[in-house]
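Peer 1:
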Amino acid sequence: KYPKSKIDVLRLVPQKGYWRDLPLDIQKEFMGGSFHLGGGKTGIARRIGWDEPCLTLTCSPAQKQTERCHPEETRPFTVREYARIQTFPDDWKFEGSVAQQYKQIGNAVPVNLGKEVGYSIINFLNSYYNLSKPK
Numbered sequence: 004k005y006p007k008s009k010i011d012v013l014r015l016v017p018q019k020g021y022w023r024d025l026p027l028d029i030q031k032e033f034m035g036g037s038f039h040l041g042g043g044k045t046g047i048a049r050r051i052g053w054d055e056p057c058l059t060l061t062c063s064p065a066q067k068q069t070e071r072c073h074p075e076e077t078r079p080f081t082v083r084e085y086a087r088i089q090t091f092p093d094d095w096k097f098e099g100s101v102a103q104q105y106k107q108i109g110n111a112v113p114v115n116l117g118k119e120v121g122y123s124i125i126n127f128l129n130s131y132y133n134l135s136k137p138k
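Sequential numbering of the sequence shown, starting at 4, is according to the numbering used here.
Below, the structure written as structure tokens:
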């Protein structure tokens, strides 16, 4: 759950938006000294859109630079939503505190990506084996 001050800011951010979509006075207040540093900083006050790929999920979703706000509700993703984004099956069990569960998910390779990489390795090895077989 976000603190009230962050909720007040994130309510103003549209889907697919981030801190630069806020009114200028709120941008300056929210960003503090970072406002004048320039650069992208597109992860700050970021609200994900339903129809776009999610940004990288990190181990610390509540950090200012890496927060990912729910597309419609002004709240962070739940552990289960975080896991779904990383393509974990709904029956996958995570252990430990909520912070430890976010860390497990943030450190993981997305399940479907791991599966596809595994299939690619198997296909490569099968092709290599078939090519190197004596005829």
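Where a beta carbon is used, it is the ideal one built from N, C-alpha and C, also for glycine.
Bear in mind that the values here come from a model prediction, so they are computed numbers and not experimental data.
Considering only residues of the segment 21 to 79, which uninterrupted beta strand (DSSP E) runs meet the minimum length of 3 residues and lie entirely inside it, listed in chain order?
Peer 2: Qualifying beta strand (DSSP E) stretches: none in this window.
Peer 1: Assuming residue 25 and residue 12 are in contact, meaning their beta carbons sit under 8 Å apart, how far apart are those beta carbons, in whole angstroms?
Peer 2: Between residue 12 and residue 25 the Cβ distance is about 7 Å, and since that is below 8 Å, they are a contact.
Peer 1: According to DSSP, is residue 5 part of a helix, a strand, or is it coil?
Peer 2: Note: residue 5 maps to coil in three-state DSSP.
Peer 1: Grouping DSSP H, G and I as helix and E and B as strand, with all else coil, what is residue 91?
Peer 2: Of the three classes helix, strand and coil, the one that applies to residue 91 here is coil, per DSSP.
Peer 1: Taking the alpha carbon of residue 60 as the reference point, which residue from 69, 127 and 78 has its own alpha carbon closest?
Peer 2: Nearest option by C-alpha distance: 69.
Peer 1: Of the residues 64, 132, 80 and 124, which one's Cα is nearest the Cα of residue 110?
Peer 2: For the residues 64, 132, 80 and 124, the minimum Cα distance to residue 110 belongs to 64.
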